[in-house]
Amino acid sequence: MIRIERRLTEARWLLVAVPVGSLIGAVILSSVILLATGHDPLGTWQRLLDRGFLSEGALSATLVQATPLLLTGLAAAAAFRMQTWNIGAEGQLYLGAVGASGAGIALGSQPAALVIPAMVLAGLVTGAAWAAIPGVLRAVFRTNEIITSLMLNYVAGLLITYLIFDSQSYWRELSTFTSRVFPQGKYLSAAAGWPSVQIAGIAIPFGFLLGMVAAASLWLLYRSTRFGFEARVIGDSRAAAHYAGIRTRRKIVAVMALSGAFAGLGGAAEIGDFRHVLDPRGLQQASFGYAGIVVAALARLNPFAVILVAVLLGGLSNGGFSLQGADFPAGLVGTLQGLILFCALAGELLVRYRVRVQRPRRSPVHPADVATVRPA
Amino acid sequence: MKKSVRLAATMLAAAALGACGTTNSTTSTNQPFKAAWIYVGTAGDHGWTQAHDDGRKVVEQQLGTAVKTTFKENVPEGPQVEQVVEGLVRDGNKIIFATSFGFQDAMANEAAKHPDVKFEQATGFKTANNLAEYFGAAEDADYLTGMALGAASSKGKIGFVAPFPIPEVIREINAVALGAQTTHPGATVQVVWTNTWFDPTKEKQAAQSLLSRGVDAIGQGQDSPATGEAAKAVGVKWSGYDSDQSNVAPDIWLTGTVYHWGPYYVKRVKAAMDGSWKTGSYYGSIGDGMIDIAPFGQSVTQAARDQINAKKEALKSGTFYEFTGPLKDQSGAVKIAAGTKMTLEQILSMDWFVQGVIGSPKGG
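Protein chains in written order, with our numbering: chain A, 19 to 394; chain B, 1122 to 1485.
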């Protein structure tokens, strides 16, 4: 009989051994698939690592992908830590992009020192406001926030499509001939472009720096503040928190808004750092909000681990595109990426739980024993 | 994403051609010349992307071991495109084709960074010394497809599943309606917008909503053949787009607008190899074979085939052009006077429906 039981204490060495073990497991499993499909496993892994992380400029490119993943990962981690299931980071990111690009257009002629903080603020506020909707519904009417936050993603997707394709909105460019031929948003002025910091030849986007600050703040919030303590109590047992006199309703709305603010900042960074225009199609194709849930899960909701996992997933995504080709289909790349994630999550289970094999008793027993010791 | 915006093609092409000179080629004798394609969808989508990938295969067949082609599929529009291009350049690709309109900004940035690599952008309008544009006039074939739809409809009620309310799609629908009205006078074309190029589920739902409203022939301008699947369930004849999609529902297949990108790709890769590559805005047509209609399905009558083939010849020889007045808008007011041909700029920014189209050219 095989039983999975929770470990009472998590051994330190497991925290290192299990991730290494799951990585080896992923390499072995996917090598089998690569060999079976007639590809060279060693060369494939080398290329994935090289193009994702090691080659010149690879890390700069990886950070471009990692920036939105970091922020949506933090969004998921912030909410999940309190067992509040905000699945709406996708839509909150769109709204953050709407807010930030709106601020960028409105203040386009102002200096960067004014425009950029305004864009950051607008992203935070719009994302938080969008997330507060399912938060309030949860707190007041006890609706299931998984459903409401998920449904609002579709609403947000339709909203940004409407702003550019179906209306003459403030965000849409209407003056040029080109924009009459194909609908597009207004491009932001150069002052609204966020700077990037060069460290050791790696271009670190401003949004990524903000994400690191956000991660540290989230860590401090949950570790050293009364707010964080109460949120953790609510997460562990809502009933206990209630009896202790913690105001759970307010916390739910506040944590949802905080989560949405991170996702909204992710949308603002997409606009300020990379796109410089509200691009409904590109944002929806990227699905950073859903990927953020994976980031948070792999990071075990630890904000600092979210940074690391976001960079890993960003590199995996870039490296994956470099593998693709006429004889290397996208589906195979997806299988490799999926195996790596699957092994990592499965290994995660082993850190917290142990598998115990219990053999049924087969040795002859005395009738007296049977009476007193029944097999479990 | 693809499509659209074939800008004031002639003006830009002229400017670009004037500004650019020949760039030297960097082919060596032993190494194969490397060419790459970037797709927004999957190579096997039975539609837009597959048409381009078929073109890539034509390059491989015709140029053999002298070239090595590759492609990247499912590339999301936005910052990821630049990284994909960087990877392709690092792999030694010397010409890169991007087949979605939404790739354009990234292609323009990368073209500026890598002057020794040739860039080609389908359906866009930005050009540079090493960035060219290409597209085809689908409306010619759409008119012929419309004729097949009109002939197949007994009530004259045609449905059309359309992506975005933009001029490229609006003129496609207008061409279908005008074609249908020649084979079925008074025919109407009812439009449903999906707001997506490629989303089989949405496309199928849109087709089903049209079919439930009683249309008895259905066309589409989407990247997938999902409309055919909806039509198959109720046995209504249908037309396709981008690639020959007859195998989805062969019994009720009429025809469809198809793109043949292969000859253009071969020509451009060859030019890049021998150093004669020049930038420009190429606008293919039914006359040069970039645009055509797919082979007729068995359900198209001989009379309709003859009528359509005759019109096709007239389009090819230039004795007929579909957007010639008198053209009336939805309210019945004359928009283009009798005998007047619409200008290129009017066509590129067309934002009104012809008489007989049901739906709003503003979407919704």
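Note that the Cβ used here is the ideal one computed from N, Cα and C, for glycine as well.
I1294 of chain B has a beta carbon lying at 8 Å or more from every beta carbon in chain A.
When C-beta atoms of the region 30-40 of chain A are compared with those of the region 357-364 of chain A, three or more pairs fall below 8 Å, so the two segments count as touching. The Cβ atoms of A1219 of chain B and I1159 of chain B sit closer than 8 Å to each other. Per DSSP, reduced to three states, the secondary structure at A1338 of chain B is strand. Neighbours of D58 of chain A across chain B, judged by C-beta separation under 9 Å, do not exist; the nearest C-beta is about 16 Å away. When the five nearest sequence neighbours on each side are left out, the beta carbons in the same chain lying within less than 7 Å of the beta carbon of S1345 of chain B are those of D1166, H1167, G1168, F1319, P1321, E1324, in order along the chain. Non-local beta-carbon contacts of G141 of chain A in its own chain, meaning distances under 7 Å to residues more than five positions away in sequence, involve G114, G117, A118, G282, L283, G285, A286 in chain order. Using beta-carbon distances, L1469 of chain B counts as an interface residue toward chain A, with a partner under 8 Å.
Each residue's CA atom was taken as its position, placing Y1255 of chain B and G1401 of chain B some 8 Å apart.
In this structure, DSSP gives F1441 of chain B a state outside helix and strand, which the three-state scheme calls coil. Runs of alpha helix (DSSP H) with 4 or more residues, each lying fully within the region 90-140 of chain A, are found at 107-124, listed in chain order.
Around the Cβ of S1221 of chain B, a 10 Å sphere holds 16 or more other Cβ atoms; the residue is buried.
Annotation for S1360 of chain B: the continuous beta strand (DSSP E) segment containing it runs 1358-1363. The region 1205-1213 of chain B makes no contact with the region 1255-1264 of chain B: fewer than 3 CB pairs, one atom from each, lie closer than 8 Å. Put simply, of B:V1238, B:V1196, B:Y1386 the residue whose alpha carbon is nearest the alpha carbon of G1213 of chain B is B:V1238.
The region 326-339 of chain A makes contact with the region 59-70 of chain A, as at least three CB pairs between them are under 8 Å. Taking all protein chains shown into account, S1481 of chain B has fewer than 16 neighbouring C-beta atoms within 10 Å of its C-beta and is therefore exposed. Relative to L341 of chain A, the option among A:A44, A:P86, A:D297, A:L52 whose CA is nearest is A:L52. T1244 of chain B is bridged by DSSP to nothing; it lacks a bridge partner. According to the DSSP secondary-structure assignment, W1314 of chain B is paired through a beta bridge with B:A1283.
Taken in chain order, the members of the region 81-99 of chain A whose beta-carbon sits within less than 8 Å of a beta-carbon on chain B are V82, Q83. Of all residues in the region 1229-1251 of chain B, only F1246 come within less than 7 Å of chain A when Cβ atoms are compared, listed by chain position. The Cβ of T55 of chain A sits no closer than 8 Å to any Cβ of chain B. When C-beta distances to chain A are compared with 8 Å, every residue of the region 1332-1361 of chain B stays at or above that value.
At a Cβ-Cβ threshold of 8 Å, G126 of chain A and M137 of chain A do not count as neighbours. Taking CB atoms only, G114 of chain A has no neighbour in chain B less than 8 Å away.
Assignment of beta-bridge partners to F1256 of chain B by DSSP yields B:Y1404. Annotation: the continuous alpha helix (DSSP H) that includes I1294 of chain B extends over 1288-1304. Rounded to the nearest angstrom, the gap between the Cα atoms of E28 of chain A and S255 of chain A is 21 Å.
When DSSP states are grouped into helix, strand and coil, L168 of chain A belongs to the helix group. Considering only A:R293, A:L368, A:D345, the residue with the shortest C-alpha distance to V34 of chain A is A:L368.
Neighbourhood of T1220 of chain B in chain A, by CB distance below 8 Å: empty, with the nearest CB roughly 15 Å away. Rounded to whole angstroms, S193 of chain A and V295 of chain A show a C-alpha spacing of 15 Å. In the DSSP assignment, A221 of chain A falls within the beta strand (DSSP E) that extends over 220-223. Measuring C-alpha to C-alpha distances from N104 of chain A to each of A:V271, A:Q376, A:G263, A:D297 identifies A:V271 as the nearest. Membership of E248 of chain A in the alpha helix (DSSP H) is indicated by the continuous run 244-254.
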